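Please read the structure below before turning to the comments.
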Amino acid sequence: MKKLIILLFWLPLVFFSQEEFSFELYFEDALGNKDTLVLGYDPLATDSIDVAFGEVNIVNQPWDSVFEARALNLTWNSNGLVFDSIINSSKKQISKHSSDIIIGVKTSNISDVTMTWNNQDFNYQSLHNYSYFSFPNDVVTPPNFIFLNDNQEYTMCANGFCDLAELNIDSETIHYFMLNFSDTNVLSSRELFFNKNQIIFPNPINKCANNGEISIIGLKVNEIVKAIIYDEMGKVILNIDANGLENGKLDVSTLSSGLYFIQLINGSNSEVIKLIVN
């Protein structure tokens, strides 16, 4: 009996691991319907369902008809412009650091939908103190950004309008946005978004969309000397001079899927922006 008790005690340690970081994201609508997701990162995480971190795939379970939030893994349609299917979904999602987590919300009452979190979780850890939500609207309009350490709530739906893109899958309308765990080394500085308003769009980009081109928004393009694209290991992949930055656009159609960093150089100044290619 003693041996059996010891074995049962150690079983959870064999099958489950503690992720490096996670936090709870709370959702509530105007009628008091609530839901919660657990999101985080770990170097051993994958894009799939990681049973070791306690993730459970509920993609085959119907969405709640009134209100529900899920972390999603999506695929693009054949023309690369929109998502068209959900590979898996879960109430807990652990990703690699600097990878995007797609979050979907279904609600039958688009009057007010607010999400809240403890921003103190993001103020003292250098690996995620510049983490942000991005809210894409369509393939043309640049997304909005909300930094988690500067805020503790965000109303995404109000007065019948949602500040989110929509998915229409299996007769369900799902609103979605993205979470990215980032630090100052990835984003360079918050001035990139708040003061200089320099972003690249679309980001992430599917190479089949927009002729494989990204736009640099908010820059005085004629002042850029060159742009350098690095892979996530710091290797130079592309070195582009001013002639290759016509109208503030960059051709990234030759890049393989993955995470990249674009260094924009203007005289003695430079900025680094993260790019994800699907």
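Here the sequence shown is numbered in the working numbering, starting from 11 and rising by one per residue. Beta carbons are placed, not taken as given, at the ideal position from N, Cα and C, and that holds for glycine. It should be emphasised that the depicted structure is a prediction, and the values quoted were computed from it without experimental measurement.
Neighbourhood of residue i by C-beta, 8 Å cutoff - its chain only, sequence neighbours within 5 removed
| i | result |
| --- | --- |
| I224 | I210, F211, P212, N213, I215, K259, L260, V262 and L285 |
| T183 | K116, E176 and L177 |
| I238 | V246, L248, N249, I250, I272, Q273 and I275 |
Of the listed residues the options, nearest to residue i (C-alpha basis)
| i | options | result |
| --- | --- | --- |
| P53 | L174, Q28 and T165 | Q28 |
| G114 | T85, L177 and A40 | L177 |
| Y51 | F31, S58 and E65 | F31 |
| M166 | E34, F33 and A40 | A40 |
| A55 | G42, I104 and T46 | I104 |
| E65 | D57, D45, F37 and K101 | K101 |
| M125 | I111, F271, F143 and L269 | F143 |
| L189 | S266, D110 and N133 | D110 |
| V287 | K217, V69 and Q273 | K217 |
| I275 | N249, L265 and V69 | N249 |
| F187 | K236, I97, D122 and L82 | L82 |
| I97 | V69, K236 and A237 | V69 |
| A294 | L265, I112, H138 and N119 | The chain is shown only over 11 to 288; residue 294 falls outside these bounds and no answer can be derived. |
| S192 | H138, I112, V123 and Q71 | H138 |
Straight-line Cα distance separating residue j from residue i
| i | j | result |
| --- | --- | --- |
| S181 | I247 | 42 Å |
| E75 | T117 | For the record, residue 75 in the displayed sequence is Ser; it is not Glu. So the two alpha carbons sit approximately 8 Å from each other. |
| I156 | A62 | 30 Å |
| V48 | I179 | 24 Å |
| E163 | W127 | 6 Å |
| Y283 | I226 | The question names Tyr, yet the displayed sequence has Ile at residue 283. Looking at the two C-alpha atoms, the distance is approximately 10 Å. |
| L174 | H185 | 6 Å |
| L35 | D57 | 19 Å |
| F132 | H107 | 14 Å |
| G67 | D251 | In the sequence as displayed, the identity of residue 67 is Asn instead of Gly. Each residue's alpha carbon lies about 46 Å from the other. |
| I59 | W73 | 18 Å |
| Q71 | S99 | 9 Å |
| F145 | I112 | 10 Å |
| G244 | D122 | 43 Å |
| K236 | S266 | 21 Å |
Sequence-distant residues of the same chain with beta carbon closer than 6 Å to residue i, five excluded per side
| i | result |
| --- | --- |
| S95 | T85 |
| A79 | F37, D45, L47 and V115 |
| F77 | D39, N43 and T117 |
| S141 | F132, L158, F191 and S192 |
Own chain residues within Cβ distance below 7 Å of residue i, not counting five before or after
| i | result |
| --- | --- |
| G222 | D261, V262 and S263 |
| N161 | N129 |
| D241 | I247, G268 and Y270 |
| F33 | L49, G50, W127, N128 and D131 |
Residue i beta carbon near the ligand SAM (any heavy atom closer than 7 Å)
| i | result |
| --- | --- |
| D261 | Absence of the ligand SAM is noted for the structure shown, with no ligands found whatsoever. |
| task | Give, in chain order, every unbroken run of the beta strand (DSSP E) that is at least 3 residues long and sits entirely within the region 29-81. | result | Annotation: the region 29-81 contains the following complete segments of the beta strand (DSSP E) (minimum length 3 residues), in chain order: 31-39 and 44-51.
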